[in-house]
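Protein chains in written order, with our numbering: chain A, 1 to 117; chain B, 118 to 232. Glycine residues also receive a C-beta, built at the ideal position from the N, C-alpha and C atoms.
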């Protein structure tokens, strides 16, 4: 079991460039999440997905798009990168069953460090 | 979004000392989670708490779900150098299905252990 994996680990973009971050999980989890982590701010939810083909906005969705074409993959896209999007991005996943207490236990990937110049 | 109030922000301790940190909110939660993040890595789940008053241990770590449901505490006993890292609390608030599965996070406590 690889758990949650993310590619790439590091990336440098120029302002206005686009890129896609890939998250993959092999735990058959229904729910997947994208967070960004900035110093002193903890983790902030960008977008999430409650199942294949569905996505929803989180706390800080502006400037990002996501897709969940396959259950095991969750993609985060930046169409036109801005310096404010310099951050560390984490993907997470969790069990699906509504009402199941273990559904709150999110498992994180190793992160992608993105710098936008 | 609302963040949990986590304190202290940082701690410098000597090896062998005990460590305590806490997380508070003005709202009630029905789940509390504690994560540890090593430098350059993603957060790793340490302890999950599901009932008010619950006390759970994981090795030298002990966490408690506050009886008011508005706070949680994490203790590390007899710290060792590998305890260094950032510890995050996270909570799940009761509510609608829209809020289900979404966690709120504290800003983290940076722990530095000196020999």
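The ligand SAM and residue 162 of chain B: does the residue's C-beta get closer than 6 Å to at least one heavy atom of that ligand? Absence of the ligand SAM is noted for the structure shown, with no ligands found whatsoever.
Kindly indicate if chain B contains any beta-carbon less than 7 Å away from that of residue 51 of chain A. no
Check the Cβ-Cβ distances between residue 110 of chain A and every residue of chain B, and say whether any is below 7 Å. yes
Could you check where the beta strand (DSSP E) with residue 201 of chain B kicks off and where it finishes? Looking at the DSSP string, residue 201 of chain B is not in any beta strand (DSSP E), and its letter there is neither H nor E.
Return helix, strand or coil for residue 84 of chain A, following the three-state DSSP convention. helix
Between B/140, B/131, B/163, B/162, which has its C-alpha nearest residue 183 of chain B's C-alpha? B/140
Mind checking the region 126-151 of chain B against chain A and listing, in chain order, the residues whose C-beta falls within less than 7 Å of any C-beta there? 148, 150
Is there at least one Cβ from chain E nearer than 7 Å to residue 171 of chain B's Cβ? No chain E appears in this structure, whose protein chains are A and B.
Please list the segments of the beta strand (DSSP E) lying wholly inside the region 151-210 of chain B, counting only runs of 3 or more residues, in order along the chain. 161-166, 172-175, 178-182, 188-193, 202-209
Could you give the DSSP three-state label for residue 104 of chain A: helix, strand or coil? helix
Could one say the Cβ of residue 195 of chain B lies closer than 7 Å to chain A's Cβ atoms, at least one of them? no
Quick check on residue 69 of chain A: does DSSP put it in helix, strand or coil? coil
Considering Cα atoms alone, identify which of B/178, B/209, B/133, B/157 is closest to residue 164 of chain B. B/178
Applying a beta-carbon distance threshold of less than 7 Å, which residues of chain B neighbour residue 41 of chain A? 224
Collapsed DSSP secondary structure at residue 56 of chain A in the structure displayed: strand
On the CB-based measure, 16 or more other CB atoms within 10 Å of its CB, does residue 170 of chain B come out buried or exposed? exposed
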